[in-house]
Amino acid sequence: MSMTTPSPEVTARATRIRLACFDVDGTLTDGRLHFDDEGREHKAFHAQDGLGLAMLRKNGIEVAFITARKSRVTEIRGAELGLTEVHTAAHDKLATTRAIADKLGLGMDEVAFMGDDLVDLGVFPHVGLAVAPADAHHWTAPHAHWITPRKGGFGAARDFCDLLLEAQGKLPGILANAGVKA
């Protein structure tokens, strides 16, 4: 496990990633579940995370949401981001991750998974890069290859996206497209 600054091993792992899978509650959100008087679920997603996910896709890294909770809100957010791999009520996250990798013709060493709690641990040892947000459960965090500087729902997914993009040498092109001169 490496905290915040990626080790050379983590950076090397990140160079091989072609599929980035994300748990939702606690990684893309702060993990709190909000319900209104009608029983409708509400979640808050961080805009920086959304841009990071879009940049991954634009730079050849597929993105998938894999969550054990059935969540229409998650499905809507995935559709808004143009994702084709949004899996809710996925109680076997490893099987779902493997199925997506197989469909894309990828080895598990080319897959990264970001999760924050015990339901994600079954995936961690089988992927090329396991990532947890800064506030991951203390039983989960030690099993991640890397822990983001920020908490889930507060830019942790963007930290993960930036790691992948920087490790794969995509940062200069991204900055140039944003109008930043090197």
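Per the working numbering, the very first residue in the sequence shown carries number 29; after that it's consecutive. Even glycine gets a Cβ: it sits at the ideal position worked out from N, Cα and C.
- Residue 93: not part of any alpha helix (DSSP H); member of the beta strand (DSSP E) spanning 90-94, first to last residue.
- Secondary structure of residue 158 (DSSP, three-state): strand.
- Per the Cβ contact rule, the region 161-172 is not in contact with the region 196-205 (fewer than 3 Cβ pairs under 8 Å).
- Rounded to the nearest angstrom, the Cβ distance from residue 178 to residue 184 is 5 Å, consistent with a contact under 8 Å.
- For residue 92 and residue 118, the gap between their C-alpha atoms comes out near 12 Å.
- Annotation: residue 109 to residue 71 spans about 15 Å, alpha carbon to alpha carbon.
- Within the same chain, Cβ atoms closer than 6 Å to the Cβ of residue 62 are found at 70, the five residues on either side in sequence being excluded.
- The three-state secondary structure of residue 62, taken from DSSP, is strand.
- Residue 121 is classed as buried because its beta carbon has at least 16 other beta carbons within 10 Å across all chains shown.
- Taking every protein chain shown into account, the CB of residue 34 has 16 or more other CB atoms within 10 angstroms, so this residue is buried.
- Boundaries of the beta strand (DSSP E) harbouring residue 140: 139-142, taken from the DSSP string.
- According to the DSSP assignment, residue 184 belongs to the alpha helix (DSSP H) that extends over 184-195.
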